[in-house]
Each structure stands twice: as structure tokens, then as C-alpha cells.
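Colleague: Please find one structure pasted underneath; my questions will follow.
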Ligand code: ADP
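Numbering (my numbering), first residue to last: 132 to 577.
Laid out in C-alpha cells, this is it:
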């Protein structure tokens with residue numbers, strides 16, 4: 132097992148990794164930018180190293196500074212968390228070259244599943260259903276138009292290297308497709324450093340269902356069942372839950388087994404999430420694979436009892452997965468609400484600043500993953516998520532009631548947060564009924 136791990140991230144996920152290391156008896160070294168200097172979670176690590184100014188490019192995205200910190204701290208491994216460098220195959224390769232273990236998949240597995248075009252090809256080979264669309268990156272506008280006619284409008288243009296819901300364009304006719312194609316590739320190049328784009332069928336009224344998977348370096352690959360993340364705004368998840376409401380047992384087995392098959396076929400080690408869209412008849416089509424730990428991983432931890440971050444660290448050190456597929460059982464229902472420092476009344480404008488009143492909820496079945504304390508200042512440099520409030524209860528209805536109760540206890544002032552919006556959603560008839568589609572929240576907010 133490792134003796135020291137570098138945490139190459141910030142905020143709640145950095146704290147989550149520090150906690151896992153502590154429980155495994157591993158020392159943690161956390162990097163930080165000048166904007167995060169003095170943040171209380173850094174005191175919980177065994178060591179903290181400043182890697183540069185606030186802007187991510189000069190700190191959390193700066194490979195040479197992070198590697199320098201790892202060398203100085205003499206760590207065995209680096210945990211990248213989510214976002215930042217977590218899905219850069221180049222970073223995983225640099226770690227390998229420097230003989231530092233990257234806590235995640237090999238650069239090869241990451242390249243195979245992390246690129247959306249390559250991933251669709253891998254899925255096809257593994258017999259995992261994908262959307263009809265262009266067989267690879269689009270080389271030629273005429274070819275794209277021919278494919279669009281064949282699969283039928285609407286279609287969606289996506290960047291092979293895209294992420295975070297950015298750079299996607301829905302096209303309802305040929306004219307829109309031609310115009311958007313011309314801009315999309317340049318935009319993708321600017322945003323992701325890779326101009327490859329592809330098209331696929333755009334599914335209306337879909338649900339977002341994703342499967343948590345784990346693999347080890349000995350060929351082990353299992354799934355930890357699904358999460359439903361359909362409550363979204365601008366393709367960003369707002370609420371996640373598990374199990375997915377009203378999913379038929381047969382469909383659940385099929386989608387979960389398909390995900391595990393794909394992971395196994397890539398010799399994948401570490402945590403991965405295979406994302407799908409599910410139509411009204413519960414047919415599912417793979418969207419992409421996230422080759423890292425996800426924000427919403429605790430939802431699955433609550434219903435399965437598996438510590439995903441610890442499993443990641445153990446398999447990275449060469450251990451076998453601590454459980455087999457048959458050992459994975461689910462218990463009850465879990466819901467996660469993302470608490471963002473944003474003002475829902477002002478088009479979700481970021482609301483950074485100092486928190487002078489912070490009263491976290493507690494009691495039975497409540498988990499709060501957050502790095503915030505009273506007196507903490509939310510910096511302006513990074514995304515606005517300040518924590519994740521989770522509940523676990525025997526049934527979905529009890530989980531909703533429990534979440535409402537926990538949200539009522541939760542006080543964060545004077546900055547604006549999404550707590551009020553979540554309370555409204557816990558009482559919303561569509562959410563309570565379960566099984567909303569991915570555009571439901573945007574319709575509700577109009
Ligand atoms: P990203 O990597 O940017 O998160 P994804 O491919 O995971 O992109 O898609 C994000 C979201 O965009 C999905 O959850 C869904 O809401 C929407 N979306 C993506 N592809 C389609 C599609 N073919 N049809 C309908 N909606 C889609």
C-alpha cells in the first residue's frame with residue numbers, strides 16, 4: 132500500500148480524498164492555490180503545498196507545478212479527484228514517466244474510454260447500445276448531412292473531447308446543421324484543444340441513467356448499480372439519486388451489465404461511470420464514460436456501503452477489488468442535492484463571498500460532504516459548488532421527507548445558495564412522482 136498520496140484538487144473532493152487516506156493509514160499531501168490559502172480543509176491533510184496563483188491554469192491545471200510538488204513531498208501516488216487534470220491522459224502519462232502512481236485508469240484505458248468517439252467504438256465492440264450517428268469524427272459537411280438524413284433530425288453535434296455539458300448543439304434541420312458544424316470544430320479546438328466533432332441522434336424526453344463501475348489491475352470489473360441524474364440545468368446535474376425510480380428490474384440488469392462489460396473490455400482499473408440516456412420504453416444508449424470519481428459517487432456509497440474512493444486507492448496500489456459482483460447488494464434509497472453558491476432568482480448568478488452563518492444539518496441518515504465552515508470565503512476562481520447534501524432512507528418517499536427536513540436545518544448566510552430551490556423540488560409533484568426527463572427542471576424554471 133502507498134504511504135503518501137498527493138491530492139491534486141481542492142474543496143470538497145480534496146477533503147473526501149484526505150478523509151479516505153486518513154482511514155487507510157496513508158499520509159496525504161494536499162496542493163492549493165493562493166485563492167485557497169488558509170482553507171480549513173488543508174489543515175486536515177498531513178502537509179499542504181502552494182502550487183501557484185488562483186487561476187486554474189497556473190495552479191490546479193498546471194502539470195509541472197503539481198509534479199514538482201509531488202517530487203518535493205516524495206509521494207507514491209497522486210489522486211486527481213474530478214475536473215481539473217483528472218481526465219487528461221497526458222497527465223496520467225507524465226505521472227507514469229515520473230514513477231508516480233496515478234490513482235485512476237492507465238493512459239491507454241483513459242484514451243480508449245475518455246474520448247467520446249473512441250468510446251463509442253469500444254462500446255459497439257462490447258455490444259453496448261449507442262446512439263445512431265457518425266461512425267467517427269466528421270471530416271466532411273456533406274457526409275454529416277447525409278448521416279443526419281439517415282438517422283433523422285433532430286441531431287446533436289458534440290466535441291470528442293467535450294465535457295461539463297459544453298459545446299453541444301442541437302440541430303433541427305440541415306441549415307442549422309451546416310451553420311453549427313462550421314463553428315463547432317473551431318470552438319471545440321479552443322475549449323478542449325481537440326477540434327474533432329461528431330453527430331448523433333438527439334433524443335427528446337430522455338432520462339439520464341448512469342452506472343458506477345470499478346475495475347482492478349487483475350481483470351476484475353464490477354458495477355455498483357445505477358444513479359438517475361435527470362434533474363439538470365444546462366446539462367449540469369442538480370439532483371442525483373439511486374436506485375433510479377421506476378426502472379424495471381430487467382432493464383436495470385441489462386444496463387448495469389452492459390456498463391461492466393465495457394469497463395472489462397478496456398482492462399480498466401479504478402472508478403468509472405458509464406452514462407446512458409434512457410427513452411420512454413427504457414431502451415438505453417451510451418452517452419460517454421467518465422474515467423474518474425464523480426461528484427455524485429456518495430449516492431452509490433450510501434446504498435451499497437462501498438467506499439469508492441478507498442477502492443480506487445487500493446486497486447491503484449495493486450490490490451484486487453474488495454468485493455465480487457455477487458457481493459454487491461443495495462439497501463434503501465439515497466438522494467444528493469448539490470449546494471451551489473448561486474442565486475436561483477438571478478439566473479443562477481454565482482454568489483461568492485464570506486459565509487458568516489453556517490449551520491449544517493445532521494441527524495439520522497444525513498451525510499454532508501463539504502469543506503465549508505463558518506467564516507469560510509467562497510473564492511471567485513472556481514465552480515460554485517460548496518457542498519453536497521445527501522440522505523439515505525429505507526424508501527424513496529422517506530428519503531425525500533428526510534431531505535426536506537435536512538434542507539430546512541441547513542443555514543448558509545449571507546451568500547445566496549440553491550438550498551431554497553432544492554426545498555421547492557422536494558415538494559414538486561413531478562419529482563415526488565419520480566422519473567422526470569432531462570429537460571424537466573428547465574421547463575419548471577421558465
Ligand atoms: P458532457 O461530457 O459535456 O457532460 P454528455 O455527452 O455527457 O456531455 O451529455 C451531457 C448531457 O447532454 C446529457 O445528460 C443530456 O442531458 C444531454 N445530451 C447529450 N447527448 C444527447 C442526445 N443524443 N440526446 C439528447 N440529449 C443529449
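We put the CB at the ideal spot given by N, CA and C, even for glycine.
According to DSSP, is residue 365 part of a helix, a strand, or is it coil?
Modeller: Here residue 365 is taken as the residue at index 234 of the chain shown, counted from 1. DSSP places residue 365 in coil when its eight states are reduced to three.
Colleague: What would DSSP say about residue 165, mapped onto helix, strand or coil?
Modeller: Counted from its first residue, the chain shown places residue 165 at position 34. Three-state DSSP puts residue 165 in a helix.
Colleague: By Cβ distance, which residues of its chain are closer than 6 Å to residue 541, with the 5 residues on each side in sequence left out?
Modeller: The sequence position of residue 541 within the chain shown is 410, counting from 1. Answer for residue 541: 492 and 550, listed in chain order.
Colleague: Check for me: the alpha helix (DSSP H) holding residue 256 runs from which residue to which?
Modeller: Your numbering for residue 256 matches position 125 in the chain shown. Segment 247-256, the alpha helix (DSSP H) holding residue 256.
Colleague: For residue 157, collect the residues of the same chain with a Cβ closer than 6 Å to its Cβ; drop the 5 residues on either side in sequence, then sort them by chain order.
Modeller: Sequence index remark: in the chain shown, residue 157 carries index 26 (1-based). The answer, listed in chain order, is 133 and 136.
Colleague: Would you check if the distance between the CB atom of residue 201 and the CB atom of residue 180 is smaller than 7 Å?
Modeller: Residue mapping note: residue 201 aligns to position 70 of the chain shown, counting from 1. Residue mapping note: residue 180 aligns to position 49 of the chain shown, counting from 1. Result no, Cβ atoms of residue 201 and residue 180 do not sit closer than 7 Å.
Colleague: By how many angstroms is the C-alpha of residue 522 removed from the C-alpha of residue 261?
Modeller: The residue labelled residue 261 in the question sits at position 130 within the chain shown. The residue labelled residue 522 in the question sits at position 391 within the chain shown. Rounded to the nearest angstrom, the two C-alpha atoms are 33 Å apart.
Colleague: Would you call the stretch 358-372 and the stretch 326-345 touching, i.e. three or more CB-CB distances under 8 Å?
Modeller: yes
Colleague: Note down, one range per segment and in chain order, each alpha helix (DSSP H) of at least 4 residues found wholly within the stretch 493-545.
Modeller: For the stretch 493-545, whole alpha helix (DSSP H) runs of length 4 or above, ordered along the chain, are 527-540.
Colleague: What is the rounded straight-line gap between the Cα of residue 228 and the Cα of residue 446?
Modeller: Position 97 of the chain shown holds residue 228. Position 315 of the chain shown holds residue 446. Between the C-alpha atoms of residue 228 and residue 446 there is a straight-line separation of about 19 Å.
Colleague: Considering only the beta carbon of each residue, do residue 457 and residue 395 sit closer than 7 Å?
Modeller: To locate residue 457, count along the chain shown from 1; it is residue 326. To locate residue 395, count along the chain shown from 1; it is residue 264. Going by C-beta atoms, residue 457 is not nearer than 7 Å to residue 395.
Colleague: Could you name each continuous alpha helix (DSSP H) segment of 4 residues or more that falls completely within the stretch 201-228, going from the start of the chain to the end?
Modeller: 220-228
Colleague: Roughly how many angstroms lie between the CA atoms of residue 486 and residue 274, to the nearest whole one?
Modeller: Stepping through the chain shown from its first residue, residue 486 is reached at position 355. Stepping through the chain shown from its first residue, residue 274 is reached at position 143. Cα to Cα, residue 486 sits roughly 54 Å from residue 274.
Colleague: Taking the beta carbon of residue 203 as the centre, do at least 16 other beta carbons fall within 10 Å, making it buried, or is it exposed?
Modeller: Taking the first residue of the chain shown as position 1, residue 203 is located at position 72. Residue 203 should be labelled exposed.
Colleague: Quick one: is residue 315 near chain C, going by C-beta distance under 7 Å?
Modeller: Absent from the structure: chain C. Only one protein chain is present.
Colleague: Use the C-beta contact count for residue 560: other C-beta atoms within 10 angstroms, 16 or more gives buried, fewer gives exposed.
Modeller: Along the chain shown, read from residue 1 onward, the residue named residue 560 stands at position 429. With fewer than 16 other Cβ atoms within 10 Å, it is exposed.
Colleague: By the three-class DSSP mapping on this structure, what secondary structure does residue 418 have?
Modeller: Sequence index remark: in the chain shown, residue 418 carries index 287 (1-based). Of the three classes helix, strand and coil, the one that applies to residue 418 here is strand, per DSSP.
Colleague: How many Å lie between residue 196 and residue 182 at the Cα?
Modeller: Translated into positions along the chain shown, residue 196 becomes position 65. Translated into positions along the chain shown, residue 182 becomes position 51. Roughly 6 Å between the two C-alpha positions.
Colleague: Might you give, ordered along the chain, the residues of its own chain that have their beta carbon closer than 8 Å to the beta carbon of residue 373, omitting 5 neighbours on each side?
Modeller: Residue numbering aside, residue 373 sits at position 242 when the chain shown is read from its first letter. 356, 357, 358, 359, 430, 431, 433, 434, 461, 464 and 465.
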